[in-house]
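A short worksheet on the structure shown next.
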Amino acid sequence: MEPARAYADSNGLDLDETLRDEGRSAFRGRQRLDDAALGSFIAKVDRGDVPTGSYLLVESLDRLSREKVLVALRLFLTLLDRGIIIVTLGDGRLYSSDSVGERPFELMISIVIMMRAHEESSIKAKRVGAAWDRKRQLALTERKAMTRVCPAWLEKDADGYRLIAERATVVRRIFAMSIDGMGSRAIAIALNSEKVPVFGRGRYWHDSYVKKLLGNEATIGRFVPGAASRIAPAYQPVDDYFPAVVDERTFYRSLAATRARASSSVRHPAGKVRNLVSGIAFCSECGGGMHYMNKGRRGMTVLQCGSSRLKGGCSNSFKYDYNMLENGLVILCSEAFQDRSEKIPEADLGELMVQRDNLAERLSRLIELVETGELAGQQVPRRIADLEAQLKSADAVIKSKKQAAKLLESENSEKAFDDFFKFYRQMKQDETFVLRRNVAVALRTIIKRVVFDARGGMYFEMRDGPPRSMSQEGARL
Numbered sequence: 022m023e024p025a026r027a028y029a030d031s032n033g034l035d036l037d038e039t040l041r042d043e044g045r046s047a048f049r050g051r052q053r054l055d056d057a058a059l060g061s062f063i064a065k066v067d068r069g070d071v072p073t074g075s076y077l078l079v080e081s082l083d084r085l086s087r088e089k090v091l092v093a094l095r096l097f098l099t100l101l102d103r104g105i106i107i108v109t110l111g112d113g114r115l116y117s118s119d120s121v122g123e124r125p126f127e128l129m130i131s132i133v134i135m136m137r138a139h140e141e142s143s144i145k146a147k148r149v150g151a152a153w154d155r156k157r158q159l160a161l162t163e164r165k166a167m168t169r170v171c172p173a174w175l176e177k178d179a180d181g182y183r184l185i186a187e188r189a190t191v192v193r194r195i196f197a198m199s200i201d202g203m204g205s206r207a208i209a210i211a212l213n214s215e216k217v218p219v220f221g222r223g224r225y226w227h228d229s230y231v232k233k234l235l236g237n238e239a240t241i242g243r244f245v246p247g248a249a250s251r252i253a254p255a256y257q258p259v260d261d262y263f264p265a266v267v268d269e270r271t272f273y274r275s276l277a278a279t280r281a282r283a284s285s286s287v288r289h290p291a292g293k294v295r296n297l298v299s300g301i302a303f304c305s306e307c308g309g310g311m312h313y314m315n316k317g318r319r320g321m322t323v324l325q326c327g328s329s330r331l332k333g334g335c336s337n338s339f340k341y342d343y344n345m346l347e348n349g350l351v352i353l354c355s356e357a358f359q360d361r362s363e364k365i366p367e368a369d370l371g372e373l374m375v376q377r378d379n380l381a382e383r384l385s386r387l388i389e390l391v392e393t394g395e396l397a398g399q400q401v402p403r404r405i406a407d408l409e410a411q412l413k414s415a416d417a418v419i420k421s422k423k424q425a426a427k428l429l430e431s432e433n434s435e436k437a438f439d440d441f442f443k444f445y446r447q448m449k450q451d452e453t454f455v456l457r458r459n460v461a462v463a464l465r466t467i468i469k470r471v472v473f474d475a476r477g478g479m480y481f482e483m484r485d486g487p488p489r490s491m492s493q494e495g496a497r498l
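Numbering of the sequence shown is given in the numbering used here, commencing with residue 22 and proceeding in unit increments.
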């Protein structure tokens with residue numbers, strides 16, 4: 022900033038130092054993004070927030086842009102047309118709409134500088150890209166480490182990477198807790214409560230980190246080059262690049278459990294699941310959610326329309342006995358399991374469906390980048406064909422599993438309900454978070470929503486089969 026301060030002092034200018042770009046790529050156009058200082062400045066110019074005659078101080082024109090000449094020139098002329106004066110501190114040149122108009126050779130000089138800047142950056146990018154291509158090829162064929170940077174539960178050694186034993190134990194435990202029904206926030210709270218050391222410089226575990234860890238394919242040894250960028254699907258993932266900390270079955274079971282929780286809309290205070298129908302219970306009169314109320318030791322636990330309870334205008338003031346509702350749910354689940362005797366058990370296919378969806382998403386992203394012209398190269402058609410083949414194979418496996426499931430479902434239906442009932446009975450004896458959470462998620466694989474009317478009736482919209490109903494006393498209507 023010293024050259025900028027010196028120029029401002031010698032020319033009687035007030036220097037605004039709030040906008041400055043350090044480490045932004047002018048070759049990739051990242052300096053023009055909204056979160057970059059130059060991008061923010063351009064937006065202010067477009068809105069008219071920057072007065073005409075203001076100065077933009079840059080080290081050289083190549084700091085303004087190293088993109089293709091037409092792109093760089095368009096940015097340069099746009100700023101001049103808006104009354105901005107550009108000063109290059111390196112050579113002391115001043116560019117304005119008037120100066121370029123009076124001395125056209127200045128425009129020619131600027132174009133030559135832009136051409137040279139783009140060519141230099143392009144050559145450098147090609148050299149760096151070629152070096153990384155060689156590294157990726159060695160990683161693919163010989164499993165050689167591309168860099169010392171690796172996931173937090175690993176460390177670099179002479180032969181590649183190795184697990185850090187104590188951290189690997191924590192990672193495996195996180196996956197186990199996820200499979201057992203705990204969400205990322207509950208897992209983070211548990212780790213912090215036990216004062217489990219964090220990975221890195223953080224002071225405590227964050228749910229966002231736990232969520233990223235559970236979705237990181239590096240945990241099963243897979244390296245996805247460029248995974249943080251939009252062009253990640255262009256590069257072939259490398260299996261067995263890292264030592265796996267969990268097996269694939271564990272990884273995909275956790276991913277399937279996470280998606281089931283996300284779609285189940287179970288809402289509860291961290292560490293507690295009091296209301297098994299939270300998020301799927303609605304009032305028939307106003308459509309609002311039902312409110313769970315625990316009246317304490319002497320009073321009973323009830324559900325009541327939230328709007329009616331707060332005098333919000335709903336006429337449904339009926340209070341439903343929550344404990345009777347839970348008992349009635351067992352009856353409904355029994356009938357639902359029996360009705361599923363000829364249906365496909367989609368839950369058993371959860372892990373395969375997650376893998377299939379991941380492949381489809383990667384293929385879609387890759388095709389989108391090709392269609393928009395953002396991605397090209399000899400590897401792209403081969404990568405598309407490879408993903409299409411994997412997707413076709415996954416579809417075939419799922420189809421085969423579904424056909425086999427149809428034959429087995431009728432035999433397993435009675436056992437499924439027995440298991441569910443044992444699980445529910447265990448929950449009533451030991452109402453821990455994990456048990457109640459699992460029952461809540463299981464219910465949502467059977468029941469889509471529950472509607473409560475003003476006469477004490479409860480109506481259940483099932484995921485499979487016709488709707489069902491029940492009275493306040495738990496009897497079928």
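Ideal Cβ placement from N, Cα and C applies to all residues, glycine included.
Asked: Pairwise C-alpha distance: I105 and G74; Found: 5 Å
Asked: DSSP-derived helix/strand/coil call for N296; Found: coil
Asked: Exposed unless 16 or more other CB atoms sit within 10 angstroms - verdict on A496; Found: Note that A496 has pLDDT 43, beneath the 50 cutoff, so the model's placement of it is unreliable and no number is given.
Asked: Three CB pairs or more closer than 8 Å across the region 215 to 229 and the region 294 to 302; Found: no
Asked: CB-CB length for V192 against V266, believed under 8 Å; Found: 5 Å
Asked: Endpoints, beta strand (DSSP E) assigned at D178; Found: 175 to 178
Asked: Neighbour flag for R404 against chain B, beta carbons, 8 Å; Found: Among the protein chains of the structure shown there is no chain B, as only one such chain exists.
Asked: Which residues DSSP lists as bridging T99, in chain order; Found: DSSP lists no partner for T99.
Asked: Touching by the beta-carbon criterion (3+ pairs, under 8 Å), the region 58 to 70 and the region 23 to 37; Found: no
Asked: Nearest-angstrom Cβ-Cβ length linking L380 and L412, presumed shorter than 8 Å; Found: 5 Å
Asked: Where the alpha helix (DSSP H) containing V192 begins and where it ends; Found: 186 to 200
Asked: Separation of K216 from D178, as counted between CA atoms; Found: 29 Å
Asked: DSSP-derived helix/strand/coil call for E80; Found: coil
Asked: Close Cβ partners of V472 (< 6 Å) along its chain, the five nearest in sequence each way excluded; Found: F303, S305, Y480
Asked: A29 versus D37: straight-line alpha-carbon distance, rounded; Found: 10 Å
Asked: Residue environment, F196, which counts as buried when at least 16 other CB atoms sit within 10 Å; Found: buried
Asked: Span of the beta strand (DSSP E), counted from its first residue to its last, around N315; Found: 311 to 315
Asked: Nearest-angstrom Cα separation, counted from R403 out to F48; Found: Note that F48 scores a pLDDT of 39, beneath 50, so its modelled location is shaky; the value from the coordinates is reported in the next line. Between F48 and R403, the C-alpha separation is close to 28 Å.
Asked: Integer Cβ distance of S338 from S329, believed to fall under 8 Å; Found: 5 Å
Asked: Contacts around I419, its chain only, beta-carbon distance under 8 Å, and the 5 residues preceding and following it disregarded; Found: L370, L373, M374, R377
Asked: Extent of the continuous beta strand (DSSP E) run through K216; Found: Looking at the DSSP string, K216 is not in any beta strand (DSSP E), and its letter there is neither H nor E.
Asked: Those residues which DSSP pairs with Q325 across a bridge; Found: H312
Asked: Cβ neighbours of L128 in the same chain (closer than 7 Å, five flanking residues each side left out); Found: V121
Asked: For G113, three-class secondary structure by DSSP; Found: coil
Asked: Sub-8 Å separation of L91 and S118 beta-carbons; Found: no
Asked: DSSP state of S46 mapped onto helix, strand, coil; Found: Per-residue confidence for S46 stands at a pLDDT of 44, beneath the threshold of 50, marking its modelled position as unreliable; the derived number appears in the next sentence. Looking at S46 - three-state DSSP - the assignment turns out to be coil, as it is neither helix nor strand.
Asked: Where the beta strand (DSSP E) through Y480 begins and ends; Found: 479 to 483
Asked: Simplified DSSP state of R270, which is helix, strand or coil; Found: helix
Asked: Delimiting residues of the alpha helix (DSSP H) encompassing R26; Found: 23 to 31
Asked: As assigned by DSSP and simplified to three states, the class of G181; Found: strand
Asked: Residue interval of the beta strand (DSSP E) (run including V471); Found: 468 to 473
Asked: Reduced DSSP secondary structure (H/G/I, E/B, other) of R403; Found: helix
Asked: Which listed residue (L94, Y262, R103, R95) has its alpha carbon closest to that of V71; Found: R103
Asked: Classification of A406 by the beta-carbon crowding that lies within 10 angstroms, buried from 16 upward; Found: exposed
Asked: Through-space distance from S490 to I468, alpha-carbon basis; Found: 12 Å
Asked: For S229, the first and last residue of its enclosing alpha helix (DSSP H); Found: 228 to 235
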